[in-house]
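Under full-length UniProt numbering, the sequence shown has 818 at position 818, and the numbering climbs by one with no breaks.
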Amino acid sequence: MVAKFEGRAYLASFVDAVLNKLSSVNSTPIARKLADQKLLQKLKACLRAVRPVLDDAEQKQIKDQEVKKWLVDLQDSLYMADDLLDELCTKAATATPIQRDPGNSSSWSHYVDSIVEYCDVDEMGVVNSTQDIVDKLESIVEEKDDLGNYPFSQLVEACGKVKDVRTFLEINLGRMDPFSMENAPHVFVSELKCLRVLSFNTIPLHSLPDSVGELIHLRYLDLSCTRIKILPEELCNLYNLQTLKLKDCYLLKKLPNNMQDLVNLRHLDIQGADLEEMPKGISKIKDLQFLSDYVVGKHAEDNGIKELGALANIHGTLRISQLDNVIDGDQASGARIAGKKNIRGLRLSWSSNNHIVDSHDILNNLRPHTNLRELSINDYKGQTFPNWLGHSSYRNMTKIYLNGCSNCLELPSLGQLPSLKHLFLSEFFKLTRIGAEFYNSSSCGAPFPMLETLSFYHMYNWEEWLSVSSEFELDAFPRLRVLTMRYCPKLRGDLPIQLPALESLCIRHCDQLAFTLPKADAMLELSVEGTQRVEAVFEAIGRNQLNCLQSLSISICYSSISFPGACLPSALQNLDIHRCPYLEFPMPAQEQQHESLQSLSISSSCCSLMSFPLASFPNLTKITISSLKNMRSLEESDPTAASTSNLRSLHIDNCPSFESFQMVAPHLEYLILRNCPEIESFFDGGLPPNLRELEIQSCKKLVMYLASMDLCDHCLTHLDIEHPYDNINSFPMGGCLPPSLERLCLRSFPTLEILDCKGLDNLQKLLIDHCPNLQDVAGKSFPSSLSMLGFSGGSLLRRRWQKKDPLILSKMSHIRNINVDGYWIS
């Protein structure tokens, strides 16, 4: 049974073989016996659970002794399972209780059937043996989640044992495993000379050593989402490098000067980096196929826009920024954008500062190939757009984003782009009118035939939206589904009268818009603000115009109004009410119920509402109530009716009069209570039975009650409490916290001195924020399960730890991750 194995591939194939054997006996009597006891399902589940971990172990080349032991244990269990199946096969081959048909070539499972007709399953020991194997495999599966989740120092030490590794693709940090990266890159680079693939993606790395240039075999380097500010010039010695990823390196200001030496580079991703300009000679990287960004430099011959001209094979999306450094159209034409037929997305950006160059001529000479699908133009300073923008030859164009074109006096003619689906227009500060030029109605086709979403943002001087000529009015926007208009304060008149496909309409900060709801029978979502618009919506509800409405958001209405007939739209699922202080919330008759409503949010509204009738809304899953000064309770008129049986999330904030929960909420999982000083207790004196996460902030009476509760039988996993009052010296006080707790956060307890963590065998994260007098934890140590301890703000406990108090050090010695004011201590 004990055999040596080399690498993961053998075990992976072994797992597959055992799974195949198990599948072949699914219909046999012995399989049915095992299935009755759920052993077969458990065995298969265990094998399937460990299978992907084997792939993970191979990729990461983990050679730690604990991992090796885990693999040996797995191997032994696999041999046991295989031996059991082989034994059954052997007995089947030697027993002849039933005459076999020599012409039947069925699998070995056919013979097992004949055995179990004469042998009791328990007598054969199959059940007991299988149970033993399942028990061992279940233990192995429980350990798999920690495979490779070790302090980074151990991973660094392992580098010396795997010098020939080719791929270092990911670092599994497990449960927030922090570490110091000061020396780690030096270790990797000095020890792993054969690397082809190296990734530090999302690692808080600040620098790369100069010796990175010694990784002469490296093809792939990913430094995305790191904190690198400067890349060493030696990086340019990696002549075999094909992929360099620097995405979201927001501190990176420049690339190495000799990037042109990376002659084999195919993929350069610098999206999100804060580069000031490109290095010289990018045009010499002839095989470059993907370039996310090009930052135009001030030196036309070295890093100007003409450098893009030689990069004929780039594809995907290209962003060209700092176009202010382009002097004229001749320089722009040198980029040869029109010849780059594989570019699918083009983003053109000027700076937000005014400049005197001819932006129109530059943009005209940056005309893309007609294969382009997405176009974005930012901070363009011309008064008009060139004619190519909106030309019908761009048959593949699906998305256009025009932002910050502050000098433009009119929009481009986009109405005849046959495939345009999404259009976003923002910050056209000098635009006062949108008319026929926008639709290009001189053409015989219907304007915007495929447009699905249209958005206008921050159009502060826009006054008129003129409809297209009458012969096209009913045909314009035939497929428009989403219309959004925000911050257009001077816009007067009305919206297009007929939008047959409209599903979502949002109008915010458009104070002078007359607002008549378009004819849109399919309207599903509506968001409006302002007294006039809210009143218009209520009128439409009264006329049964919004029978399909599923989501409604209304805000900033100061008139005394109520829902027509004291009823909500019949299909409404989500309702958000904000800053409507005199709105009368619908209080239906006792026999009426709004069964469709699932999510409700009320903030700074409905001042007359003192209690909420839960029985009228039996299918609510989420309730958010904020800044209702007169709200006192949530009421369930008949607790046996279980009208809150669907409620999963409840959030009450800044309700100074709120006192009680007259409800059961048996399935509530998330509860947030903030700034409700009059709440004295929970639901019926205790926590809901299925509550998982509880956050309490500035609820003085409630925290006192919670501190004295016995929560041993509750399943709470996350507890977050802020208590800026001086009436608690120890927590909990007399009661106990639930053993199921995984995360505990205590904030602003000014007089707290002792924290009792006894019995918290599942606690993984403990955060202590501004508890200045906290000096100790009860018992001999912090919970053994604790993997992360965080301090923010001063505390006596923190000072004792920093001064290496032996008592505190002994209690914290097992905690591998400690964070002090946002800094990890390894």
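For every residue, glycine included, the Cβ atom is placed at its ideal position computed from N, Cα and C.
This one's a predicted model, so the numbers in the text were calculated from it and none came from an experiment.
Asked                                                                                                                                                        : Found
Inter-residue Cα distance where the pair is residue 628 and residue 613                                                                                      : 15 Å
Beta carbon of residue 635 nearer than 9 Å to that of residue 603                                                                                            : no
Where residue 236 falls: helix, strand or coil (DSSP)                                                                                                        : helix
Meets three-Cβ-pair contact criterion under 8 Å: the region 777-791 and the region 732-740                                                                   : no
Alpha-carbon to alpha-carbon, residue 418 and residue 470                                                                                                    : Its pLDDT being 48, under 50, residue 470 is placed unreliably by the model, and nothing is read from it.
Residue(s) in a DSSP beta bridge with residue 457                                                                                                            : 426 and 486
Cut-off 6 Å between Cβ atoms - residues of its own chain near residue 789, not counting five sequence neighbours on either side                              : 766, 815 and 818
Whole-number beta carbon distance between residue 738 and residue 712, since they are thought to touch under 8 Å                                             : 6 Å
Integer Cβ distance of residue 678 from residue 701, believed to fall under 8 Å                                                                              : 7 Å
Identity of the residues DSSP links to residue 612 by a beta bridge                                                                                          : 634
For residue 415 and residue 446, the rounded distance between their alpha carbons                                                                            : 8 Å
Which residues DSSP lists as bridging residue 670, in chain order                                                                                            : 649 and 693
Spatially closest choice to residue 359 from 332, 740 and 341, by CA coordinates                                                                             : 332
For residue 576, the first and last residue of its enclosing beta strand (DSSP E)                                                                            : 574-578
Span of the alpha helix (DSSP H), counted from its first residue to its last, around residue 383                                                             : No alpha helix (DSSP H) holds residue 383; DSSP gives it neither H nor E.
Same chain, Cβ closer than 8 Å to residue 420, five either side skipped, listed in chain order                                                               : 397, 398, 399, 400, 414, 448, 450 and 451
Straight-line Cα distance separating residue 812 from residue 196                                                                                            : 40 Å
Given residue 769 as reference, the closest of 783, 787, 759 and 794 once Cα atoms are compared                                                              : 794
Classification of residue 312 by the beta-carbon crowding that lies within 10 angstroms, buried from 16 upward                                               : exposed
The alpha helix (DSSP H) enclosing residue 538, as first and last residue numbers                                                                            : 531-542
Beta-carbon proximity of residue 286 to residue 263, cut-off 9 Å                                                                                             : yes
Between the CA atoms of residue 605 and residue 458 - distance to the nearest angstrom                                                                       : 27 Å
4-residue-minimum alpha helix (DSSP H) runs that sit fully inside the UniProt domain "R13L1/DRL21-like LRR repeat region" (305-427), ordered along the chain : 329-333 and 359-364
When 809, 483 and 430 are compared against residue 462, the one with the closest alpha-carbon                                                                : 430
Residue 717 (DSSP reduced to helix, strand or coil)                                                                                                          : coil
C-alpha gap between residue 405 and residue 435, whole angstroms                                                                                             : 18 Å
Residue 494: first and last residue of the uninterrupted beta strand (DSSP E) it sits in                                                                     : It is not in any beta strand (DSSP E) - residue 494 carries neither H nor E in the DSSP assignment.
Same chain, Cβ closer than 6 Å to residue 100, neighbours up to 5 away in sequence not counted                                                               : Only weak support exists for where residue 100 lies, its pLDDT of 40 falling under 50; the coordinates are left without a value.
Rounded distance between the beta-carbons of residue 510 and residue 491, thought under 8 Å                                                                  : 5 Å
Neighbour-count burial assignment, residue 806, 16 or more Cβ in a 10 Å radius                                                                               : exposed
Where the alpha helix (DSSP H) containing residue 788 begins and where it ends                                                                               : From DSSP, residue 788 is part of no alpha helix (DSSP H) but of the beta strand (DSSP E) over 788-792.
Residue-level contact to chain B via CB, residue 660, 9 Å cutoff                                                                                             : Judged by its chain identifiers, the structure shown contains no chain B, having just a single protein chain.
Whole-angstrom C-beta distance between residue 268 and residue 288, which should lie under 8 Å                                                               : 7 Å
Sub-9 Å separation of residue 718 and residue 693 beta-carbons                                                                                               : yes
Option in 658, 272 and 384 with minimal Cα separation from residue 250                                                                                       : 272
Residue 172 versus residue 199 - alpha carbon distance                                                                                                       : Caution is warranted here: a pLDDT of 47 is assigned to residue 172, below 50, making its placement in the model unreliable, and the coordinate value is therefore given only provisionally. Residue 172 and residue 199: Cα-Cα distance of roughly 12 Å.
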